[in-house]
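Residue numbers (this note's numbering), protein chains in the order written: chain A, -13 to 266; chain B, 24 to 468.
Yeah, the Cβ is synthetic: ideal placement off N, Cα and C, and Gly gets one too.
Please read all numbers here as calculations on a predicted model, not as lab measurements.
For reference, the structure is listed below as structure tokens.
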Ligand code: HEM
């Protein structure tokens, strides 16, 4: 089976996992949760295999490179990182309720990668500027960071929702009660934000090293660079507000959402701005 | 004194930090969304925010804020670092949840053995003090992580210092070299004129390779670095593989078509064809008759839509003569009968007895080098590493302290467990819960 076929199956597997997580949430039977986790693990295993196959395929074409060098491959890797991080957290906190909020993001990214116009899924040889190991580490770390921020975003949404419900005193005995508590969500927002913050810093540093070798400038205020710095600073603001000014809960959840919007803009939105990078 | 205090507290405020960070974010966003042209004159600084006074001022205030904050904070951290575990923080053992108090009828020595084996691990140190009625165990982990914040903040300052150093003492320039050409004059960026280097760079060869798809695969310039007429260093410059020579770094940045192409021509003398001659505009070669010399005036890729052509000036003792050589002269003459009588210059046999022919013209490329000197790079790199190391210290470790109080009371011996952590409280609480379970298990076993 080709890796493209396999990846389109993975998209459906993630959708199935999402539906099962929803069942778990609404029907409140752990059976559905176990099924959901099983499907999700199967999905990530299949995706890992597909990525390895794609890697191998690039070598068969005579210009082997790690499959994270164009938009399509980066989207696939992004979805993979989100699933990996989510499954680790699920395993750590022994609660499957978050799945219904995080897994659909991975599904949407996979779907976007396969249907969006302008996303080319063929394996392309690398132009000279991209032939660098620093680029590989740059992309890897950036997307691990983005994935962590995505998890923080999912927790933020859930936090606000749950908080609203509890504030109006509506019935929280139903499935809401099975959600992680506000405290756990707050801690999760903080922990995934710190993880993302470190990874994004690593991403920016490795990106600068790459730029240094490729163009002679470790920093050139290109819109993409600038936006990655903006994103990073937003999270720096968030961490300072929490650690030094004691912000918790709702405000953190809001900042996690704002930060995620900035992540999305850094990743996709910047392409709509004029980029200054003109090189071979 | 009062004034100094106000200034000090202004700069040591984290509120200021938050405001500054928000301002920076705002400024950066503006810089990426405003168009670079059509800006009203009073806002031109917006087009080059990163070299504007406002940005420098912001950076300066930010750095000062960071320095003052760190100095202010130092004693607090020092105190935390030195704070001893004895006596434990007041109120530590008050209001403990039920599971944190274990009552047992075991002997004191047994209990101590159990607790000691529990606390022994490679990554943490533990101590104990004992009086007649109680023994207090103390275990500490990740104390060094308290300094992570300083490492991060210093890293930020070092990066700023490195960037400043680069902009003060460095330069950025371009150098275009055609194959075979050498130069020591580089073109400074942003039209700031030129700069002479202490050595020349010669491009011996520029090579491009392409994939089957037509996408570029390699750009490579073979360079020689020449000083005092001697080649001191030679190397191949590739994208992503810069060459450093005397503190100046060279990058493969671009390439282009050199104005002067190369022409390959030959002439026929009494029925025998001469070997091919490769010439560029401005070059001269000897002809075997009349003591003549030919100079190439122009090399054209596509002269008047008639394909590749070369203009020659032929100099003899009797005077000069100019002629155009077209590669496709046969075809041109076929569609324009009578061409040579109308335009004798186009006749390849005009200079008797030779008949010239233009075999082809070859494009000639120049390689575009980026020439950079940035003495701030090592600082920025060190700053970046500090940033990463500091963040790992902060976020992947925590200063965790656990106290276990074993106390003789009327009901028997009570074991109380409590802990403090500067971060990730939940993780520590989970660990203490785990301790409680372990102790119960060991004691009942
Ligand atoms: C881009 C610049 C900055 C970065 C990347 C940065 C990073 C950090 C990080 C990662 C922490 C730890 C936060 C946590 O534990 O959750 C922190 C704490 C802190 N930062 Fe910054 N910071 C920056 C600028 C500043 C500035 C300008 C100040 C000046 C007031 C400042 C003051 C503090 C203080 C007081 C703490 C708390 C330290 C403690 O309580 O141990 N930071 N910073």
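Under 8 Å between beta-carbons, which chain B residues line up against residue 223 of chain A? List them in chain order, please.
41, 44, 45 and 48
Just checking: is the beta-carbon of residue 49 of chain A within a distance shorter than 8 Å of some beta-carbon in chain C?
Of the protein chains in the structure, A and B, none is chain C.
What is the residue span of the alpha helix (DSSP H) that residue 23 of chain A lies within?
Going by DSSP, residue 23 of chain A is part of the alpha helix (DSSP H) stretching over 16 to 46.
DSSP puts residue 351 of chain B in a beta bridge; with which residues?
Its beta-bridge partners do not exist; DSSP assigns none.
Where does the unbroken beta strand (DSSP E) through residue 107 of chain A begin, and where does it stop?
Residue 107 of chain A -> no beta strand (DSSP E), and no H or E assigned at all.
Closer than 9 Å by beta-carbon distance: list the chain A residues that pair up with residue 472 of chain B, in chain order.
There is simply no residue 472 of chain B to check, as chain B begins at 24 and stops at 468 in what is shown.
Give me the chain A residues within the contact set of residue 54 of chain B, using Cβ-Cβ distance strictly less than 9 Å, ordered along the chain.
207, 209 and 212
Just to confirm, is the Cβ distance from residue 392 of chain B to residue 274 of chain B under 8 Å?
With contacts defined as CB atoms closer than 8 Å, residue 392 of chain B and residue 274 of chain B qualify as a contacting pair.
If the criterion is Cβ atoms closer than 8 Å, does the pair residue 25 of chain A and residue 43 of chain A meet it?
no
Near-chain B residues of the segment 186 to 199 of chain A (beta-carbon distance less than 9 Å), N- to C-terminal order:
187, 188, 190, 191, 194, 195, 196, 198 and 199
Range covered by the alpha helix (DSSP H) that runs through residue 384 of chain B:
Counting along the chain, residue 384 of chain B falls outside any alpha helix (DSSP H), though it belongs to the beta strand (DSSP E) covering 377 to 385.
Should residue -9 of chain A be labelled buried (16 or more other beta-carbon atoms within 10 Å of its own) or exposed?
exposed
Collapsed DSSP secondary structure at residue 143 of chain B in the structure displayed
coil
Should residue 407 of chain B be flagged as near chain A, meaning a C-beta pair shorter than 8 Å?
yes
Quick test of the definition: if touching needs 3 or more C-beta pairs under 8 Å, does the segment 147 to 156 of chain A touch the segment 176 to 194 of chain A?
no
Chain A partners of residue 411 of chain B, CB-CB under 7 Å?
187, 188 and 191
Taking all protein chains shown into account, do 16 or more other C-beta atoms lie within 10 angstroms of the C-beta of residue 118 of chain A, making it buried, or fewer, making it exposed?
buried
Coil, strand or helix - residue 264 of chain A by DSSP
Because the pLDDT at residue 264 of chain A is just 33, under 50, the model does not fix this residue reliably, and the value given afterwards should be weighed accordingly. Here residue 264 of chain A sits in coil by DSSP.
Classify residue 204 of chain A as helix, strand or coil using the three-state DSSP reduction.
Note: residue 204 of chain A maps to coil in three-state DSSP.
Mind checking if residue 231 of chain A is an interface residue toward chain B, Cβ cutoff 8 Å exclusive?
yes
Going by the DSSP bridge assignment, what does residue 292 of chain B pair with across the sheet?
B:295 and B:377
Which whole-angstrom value is the C-beta distance of residue 41 of chain B and residue 223 of chain A, which I expect to be below 8 Å?
With 8 Å as the limit, residue 41 of chain B and residue 223 of chain A qualify as a contact, their Cβ atoms being about 6 Å apart.
Around the Cβ of residue 261 of chain A, are there at least 16 other Cβ atoms within 10 angstroms (buried) or fewer (exposed)?
With a pLDDT of 49 at residue 261 of chain A, under the threshold of 50, the predicted position of this residue should be treated as unreliable, and no value is reported.
List, in order along the chain, the chain A residues whose C-beta lies closer than 8 Å to that of residue 265 of chain B?
199 and 202
Helix, strand or coil: how does DSSP classify residue 164 of chain A here?
Note: residue 164 of chain A maps to helix in three-state DSSP.
Within its chain, find whatever has a CB closer than 8 Å to the CB of residue 32 of chain A; leave out the 5 residues flanking it on each side and keep chain order.
-8, -5, -4 and -1
Taking Cβ positions only, does residue 263 of chain A come closer than 8 Å to chain B?
With a pLDDT of 37 at residue 263 of chain A, under the threshold of 50, the modelled position of that residue is not reliable, and the figure given next carries that caveat. No, its Cβ sits nowhere closer than 8 Å to a Cβ of chain B.
So residue 142 of chain B packs on residue 149 of chain B, CB below 8 Å; how close in whole Å?
4 Å
Are any of the Cβ atoms in chain A nearer than 8 Å to that of residue 242 of chain B?
Chain A contact via Cβ: present.
Alpha carbon to alpha carbon, how far is residue 88 of chain B from residue 136 of chain A?
31 Å
Under 8 Å between the Cβ atoms of residue 211 of chain B and residue 233 of chain B?
no
Excluding five sequence neighbours on each side, which residues of the same chain lie with their C-beta closer than 7 Å to the C-beta of residue 165 of chain A?
Within the same chain, 83, 144 and 148 come within 7 Å of residue 165 of chain A by CB-CB distance, once the 5 residues on both sides are set aside.
Quick one: grab the DSSP three-state call for residue 199 of chain B.
strand
Just checking: is the beta-carbon of residue 59 of chain A within a distance shorter than 8 Å of some beta-carbon in chain B?
no
Measuring alpha carbon to alpha carbon, tell me which of A:174, A:18, A:111 and A:231 ends up nearest residue 237 of chain B.
A:111
Looking at C-alpha atoms only, which residue of B:164, B:34 and B:52 is the closest neighbour of residue 104 of chain B?
B:164
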